[in-house]
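>
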Amino acid sequence: MRINQQVYRFLNSEHLVPAVFIILSFFAWQFSGLSGTFVLNQVITRFIRDGILVLSLIIPVVAGMGLNFAITVGAMAVQTALLIVIGYQVEGIPGIVLVIIMGVFLSALLGYLIGRILNRVKGKEMITTIIIGFLFNSIYQLIFLVGFGTLIDVPNKDIILTRGIGVRNTVDLGMYRDTIDKLWLLKVGGIELPLFMILVVLIFAGFVFYILRTRLGQEVKAIGSNTETSEVLGIDTRMIRIKVMILSTVLAAFGQLAYLQNIGMFDVYTAHLNTGIISCAALLAGGASIKSAKIRHALIGIFLFHTLFIVSPQAGQNLFNNAALGEYFRSFVAYGTIALALIFNVKHENK
Amino acid sequence: MKTILEISNLKKSYKGIVALNNINLSINAGEIHGIVGANGAGKTTLMNILFGNPIIHETGGYQGEIIYQGKTISFKNCKEAIDNGIGMVHQEFALIPDMTVGENIKLGREKTFAFTDRLFGRQFSFIDRKHNDESARQTLKQLGISLDPGIKIFDLSINLRQFVEIAREIDRNNLKLLILDEPTAVLNKNDALKFIEILRGMSKRDIGILFISHRLEEVQNICDRVSVLRDGKLVAQYERGEFSINTLARDMIGHIVTKAAAAKRKIPPRPIISFKHFAVEMPGEEIKDLDLSVYEGEIIGLTSLSGHGKLALGYGMMGIYPIRGEVCYADIKLLKMDAKENILQGIYVLPDDRQDLGILADQSVENNIIFTGNQIKNMFRKKSLLPFSGFIDHSQSRKHVDKMIQDFDIKCTSLNQKVKELSGGNQQKVCIARALTVDPRLLFVAEPTRGVDISAKEKILHMLLEINRSRNTTIVIASSELEELKRICDRIAVMVEGRIFKILSPDASDEDFGLALSGEGGVEHEKF
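Protein sequence lines correspond, in order, to chains A and B.
Just so you know, we're using our numbering here: the first sequence kicks off at 0 and counts up by one.
Just so you know, we're using our numbering here: the second sequence kicks off at 16 and counts up by one.
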């Protein structure tokens, strides 16, 4: 029984999952009958919409804490900030600035809390972050479903349900829609390139790149490789892990802000629910594993994952003549990616 | 001379078991102070206390007083110790395998750009990688090693890792006290000599050095003072010139050690395994072109300087690194190295990397000893009707393990004790016992006595001799301890640059070996 060395190496390399995605996307695109321009425009929109969220996952992976599903908490932090600002009717630039300040403050605080919790469950971070996400989701829903209008009086009655308690399902962000998204718009044929937002995503990518090459970044890498050894080398592992979670949660808050302003409206109770899963799937699609993630994995992954994400429902519908089936394809793609990547991308630790 | 460390009445116990009892010790600036003691004598505990290992604090701290540079200290973690200028070279290496040599040497002390320093503060400042690599290269050069700082640690051989570990500590400029835990255990003689020169240089810079070693001649050569620990007590302290190796050995063990030595004999040249143009691609320890026949029933030693390939043979046989060339075992050609296949055919390999590849650290002594036999050869299995459903027949396996524990004097509380709780020497004995369980025809052993105290060392050598004589098992020992090889081997092959340079008789003089190791002394290859 002889296994070809090259094939063997490929099966164990980070190229496998992206390769599977390219092949699947190509066939799905063929069956979907969508035009290339349409798909590309959609993918670019998703890139600027989800880019920062995916990038926020990288640092925890490097720190050996696995995929941080608790980025939903960062998303909820910025949504809370948004609701407060809209509720108190702060408009225009001061409103945006206030959202950012409150969002960063709140997400840093929550990140610290998550970091403290994760220090107690070393080795089981991923499952803990999933549960933390669910827990904060219910607290968040409680606050806005029951708290607003009763304990917290909000001047802006437009966002409150007619019964006077709780926030409406959907809050319009019309004032932000198509502002910075259309800044520096470049049209090449039928393809629209929102240069400003692409630049913003790249700046955040640069930020992650920078952090990983600082003193802190070195320590993060050391912890990711071996916690006990790092401890002996004089690294305060607990503190570094807390800092990692703060960074990740704050980045996620920025990510969710970019996401919401791009969509232009805001499903108060559901907008954040899938951010964790979708972002993790995108990162893994780019070739990352739960032990190693690089910026290129995030950037490539968004393109690959969302291409399949966009074309698969249409392909499903065309193949099986059933519109409902299309939606199933999406969740199949998302969870399938994570499962596939978890299986294939576990790298040989010492090779 | 100025005293930098003063330990008085130090006591430490773990759950009522006394590890250190009433230790009084002082170390001067610029002094090399040797600490010797058998395994379990309390050396590790002493180091953990000095270096602020959190385990001390978690297990209830210690009694007594430690005055370091005029202040009473009680470190809660290693960071405090490091910040105060205490450095440590760890026996099991505190290196991050995924990081490069340069990154490891500079970790925590990276040079960053001044501009970002001012802008974001030191922790968020961008690292000047080129500068760090260059500086790491310089430090390595001080050690007499030219190594590319861009190589990752897991691509290095164990010897080179040791040098990187040492370089990391030497590179620190606030260093006042350096604790060395068996720093030369994995180095061969030449490298160890080089290393000792460096230590002398450091002591001239007024750095106090605490030198813990099993190699008594080194202790005799370089230490200004030596303290002997036995069972947690300080039993003797000598100034330079006041002691001999024998006095140290006696104080350590409390009784005289009998040395294993084999009677000379003639082995008929019937090859059991022969290698032709054999190559193993193990980074840092590559075998390039090996031609060797091992005769049935002999013990053959394999020695070389670090990085010249002696360790790679065993790894090649386990299939851990890719191989090329021809291997003929008992008239069968081995095309592919597969550990399971090889064990079934009677080849067993004991690697030098005991922690990662030798033992199942969290498993019991019993499981460790029967594991291979049970898994590969289906031994110790209860009879059952269904295939794959057999439970382990503990009455059978316990009998076997008990016999092994008795025969080889494995020191453990019971056969259920976890192997990671045993000392290095006893772990090695467990490994050998496991090998014996499958009763191999051909046994590869690498560095069997590394990091093991004297009395256990002799036991292990005895074991190997015993196995060879009573079961006619052919043994290939790769080791840098020439003196040990000379005592038990029938032939000793010296490797240079991944090739067999010369095969010498164990009676050959040290000079001959020295020349062969450095690749000199005639090119005529003995026919084999």
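Beta carbons are placed, not taken as given, at the ideal position from N, Cα and C, and that holds for glycine.
Computed from a prediction, not measured in an experiment: that's the story for all the values here.
According to DSSP, is B/P337 helix, strand or coil?
Mapped onto the second sequence, residue 337 of chain B falls at position 322. It is coil, neither helix nor strand.
> Per DSSP, A/E279 forms a beta bridge with which residues?
Numbered from its first residue, the first sequence carries residue 279 of chain A at position 280. Note that residue 279 of chain A corresponds to Cys in the displayed sequence, not to Glu. The partner list for A/C279 (beta bridge, DSSP) is empty, contrary to what the question assumes.
> Tell me A/L39's beta-bridge partners as DSSP assigns them.
Locating residue 39 of chain A in the first sequence gives position 40, counting from the first residue. The partner list for A/L39 (beta bridge, DSSP) is empty, contrary to what the question assumes.
> Would you mind stating whether A/G223 and B/D163 have Cβ atoms separated by less than 9 Å?
Against the first sequence, residue 223 of chain A aligns to sequence position 224. Against the second sequence, residue 163 of chain B aligns to sequence position 148. Going by C-beta atoms, A/G223 is not nearer than 9 Å to B/D163.
> Going by the beta-carbon positions, is the gap between B/P521 and B/I492 smaller than 9 Å?
Counting from 1 along the second sequence, the entry for residue 521 of chain B is found at position 506. Counting from 1 along the second sequence, the entry for residue 492 of chain B is found at position 477. No, the Cβ-Cβ distance between B/P521 and B/I492 is not below 9 Å.
> Within the same chain, show all residues whose beta-carbon is closer than 8 Å to that of B/V445, passing over the 5 residues directly before and after it, in chain order.
As a working note, residue 445 of chain B is residue 430 in the second sequence. The residues are I374, V380, N383, I384, I425, V434, L437.
> Should B/S533 be labelled buried (16 or more other beta-carbon atoms within 10 Å of its own) or exposed?
Position 518 of the second sequence, counted from the first residue, corresponds to residue 533 of chain B. B/S533 comes out exposed.
> So with Cβ pairs under 9 Å, would you call A/T274 a contact of chain B?
Position 275 of the first sequence, counting from 1, holds the residue named residue 274 of chain A. No, because no Cβ of chain B sits closer than 9 Å to the Cβ of A/T274.
> Closest by CA to B/E107, which one among A/E227, A/L246, A/L339?
Numbered from 1 along the second sequence, position 92 holds the residue referred to as residue 107 of chain B. Nearest C-alpha to B/E107: A/E227.
> B/V309 lies in the beta strand (DSSP E); which residues open and close that run?
In the second sequence, residue 309 of chain B corresponds to position 294, counting from 1. Its beta strand (DSSP E) spans residues 302–310.
> Of all the CB atoms in chain E, is at least one closer than 9 Å to the CB of A/K293?
As a matter of chain content, chain E is missing from the structure shown, whose protein chains are A and B.
> Tell me the start and end of each unbroken alpha helix (DSSP H) in the segment 223–305 of chain A that is at least 4 residues and wholly inside, in chain order.
Runs of the alpha helix (DSSP H) inside the segment 223–305 of chain A: 226–231, 236–262, 274–284.
> So, using beta-carbon positions, are B/I22 and B/E80 closer together than 9 Å?
Taking the first residue of the second sequence as position 1, residue 22 of chain B is located at position 7. Taking the first residue of the second sequence as position 1, residue 80 of chain B is located at position 65. Yes, the pair counts as a contact, with Cβ atoms nearer than the cut-off.
> I need the straight-line Cα distance from A/I85 to A/F135, nearest angstrom please.
Along the first sequence, one-based indexing puts residue 85 of chain A at 86. Along the first sequence, one-based indexing puts residue 135 of chain A at 136. Spanning the two alpha carbons is a distance of roughly 21 Å.
> In chain order, what residues of the same chain lie with their CB nearer than 6 Å to the CB of B/S321, ignoring the 5 residues before and after it?
Taking the second sequence and counting its residues from 1, one reaches residue 321 of chain B at position 306. Around B/S321: N174, N203, D206.
> Should the segment 306–316 of chain B be called in touch with the segment 477–488 of chain B, which here means at least 3 C-beta pairs below 8 Å?
The answer is yes - the segment 477–488 of chain B touches the segment 306–316 of chain B, with three or more Cβ pairs under 8 Å.
> Against chain B, does A/T228 count as a neighbour if the rule is that its beta carbon must be under 9 Å from one of theirs?
Residue 228 of chain A sits at position 229 when you count from the first residue of the first sequence. Judged by the 9 Å Cβ criterion, A/T228 is in contact with chain B.
> Does B/E473 pass the burial test, meaning 16 or more other C-beta atoms within 10 Å, or should it be called exposed?
Here residue 473 of chain B refers to the residue found at position 458 when the second sequence is read from its first residue. B/E473 should be labelled buried.
> How many angstroms separate the CA atom of A/I179 from the CA atom of A/F195?
Counting from 1 along the first sequence, the entry for residue 179 of chain A is found at position 180. Counting from 1 along the first sequence, the entry for residue 195 of chain A is found at position 196. Taking the straight line joining both Cα atoms gives about 7 Å.
> Using alpha carbons as the reference points, say which of A/G32, A/I99, A/I57, A/V267 lies closest to A/G165.
Your numbering for residue 165 of chain A matches position 166 in the first sequence. It is A/V267.
> How should B/H105 be labelled, buried or exposed, when 16 other C-beta atoms within 10 angstroms of its C-beta is the threshold for buried?
Within the second sequence, residue 105 of chain B is the residue found at index 90, counting from 1. Label assigned to B/H105: buried.
> Which runs of the beta strand (DSSP E) spanning at least 3 residues fall entirely within the segment 129–199 of chain A, listed in chain order?
DSSP runs (the beta strand (DSSP E)) wholly in the segment 129–199 of chain A: 169–171, 184–187, 190–193.
> List, in order along the chain, the chain A residues whose C-beta lies closer than 8 Å to that of B/G123?
Looking up residue 123 of chain B in the second sequence gives position 108. Those within 8 Å of B/G123 in chain A are R214, Q217, E218, L232, G233, I234.
> Starting from the C-beta of B/Q378, find all residues in its chain whose C-beta is less than 8 Å away, skip the five residues before and the five after it, and write them out in chain order.
As a first step, residue 378 of chain B must be located in the second sequence, where it is residue number 363. Here the set comprises F386, K433, V434.
> Using 8 Å as the Cβ pair cut-off and three pairs as the minimum, do the segment 195–205 of chain A and the segment 84–104 of chain B touch?
Verdict: no, contact absent.
> Could I get the ranges of all uninterrupted alpha helix (DSSP H) runs contained in the segment 207–252 of chain B, with 4 residues as the minimum, in chain order?
Those alpha helix (DSSP H) runs which fall completely within the segment 207–252 of chain B and span 4+ residues are 231–237.
> Would you please verify whether the beta carbon of A/I58 is less than 9 Å from any beta carbon of chain B?
In the first sequence, the residue the question calls residue 58 of chain A occupies position 59. Answer no: the Cβ-Cβ gap between A/I58 and chain B never drops below 9 Å.
> Output, in sequence order along the chain, the residues in the segment 184–210 of chain A whose CB is closer than 7 Å to any CB in chain B.
From the segment 184–210 of chain A, only Y209 have a Cβ closer than 7 Å to chain B.
> Excluding sequence positions up to five away, which residues of its chain have a Cβ less than 7 Å from the Cβ of A/I151?
Residue 151 of chain A sits at position 152 when you count from the first residue of the first sequence. Within the same chain, A/I151 has no close Cβ partners at all.
> For A/T306, which of A/E13, A/V6, A/L33 has the nearest alpha-carbon?
For the purposes of this step, residue 306 of chain A is taken as the residue at position 307 of the first sequence. Closest by alpha carbon: A/L33.
> Compute the distance between the beta-carbons of A/K293 and A/I57, then report whether it is under 9 Å.
What you label residue 293 of chain A is simply residue 294 of the first sequence in a count that begins at 1. What you label residue 57 of chain A is simply residue 58 of the first sequence in a count that begins at 1. Contact: yes.
> Just verifying my parser: in three-state terms, what is the DSSP assignment at B/V538?
Taking the first residue of the second sequence as 1, we reach residue 538 of chain B at position 523. Residue confidence is low: B/V538 scores 46 on pLDDT, short of 50, so the model does not pin down where it sits. No coordinate-derived value is stated.
> Does the CB of A/A287 have a neighbour CB from chain B at under 9 Å?
One-based indexing of the first sequence puts residue 287 of chain A at position 288. No, because no Cβ of chain B sits closer than 9 Å to the Cβ of A/A287.
> Just to make sure I have the definition right: I need the residues of chain A whose C-beta is within less than 9 Å of the C-beta of B/I97. Which are they?
The residue you call residue 97 of chain B lines up with position 82 of the second sequence. The answer, in chain order, is L232, G233.
> Any beta carbon from chain A within less than 9 Å of B/G537's own beta carbon?
On the second sequence, residue 537 of chain B is found 522 positions in, with the first residue counted as 1. Caution applies to B/G537, whose pLDDT of 49 falls short of 50 and renders its modelled position unreliable; the value that the coordinates give is listed next. Not one chain A Cβ lies under 9 Å of B/G537.
> Starting from the C-beta of B/L155, find all residues in its chain whose C-beta is less than 8 Å away, skip the five residues before and the five after it, and write them out in chain order.
Looking up residue 155 of chain B in the second sequence gives position 140. V116, I120, S161, L162, P164, F178, V179, A182, listed in sequence order.
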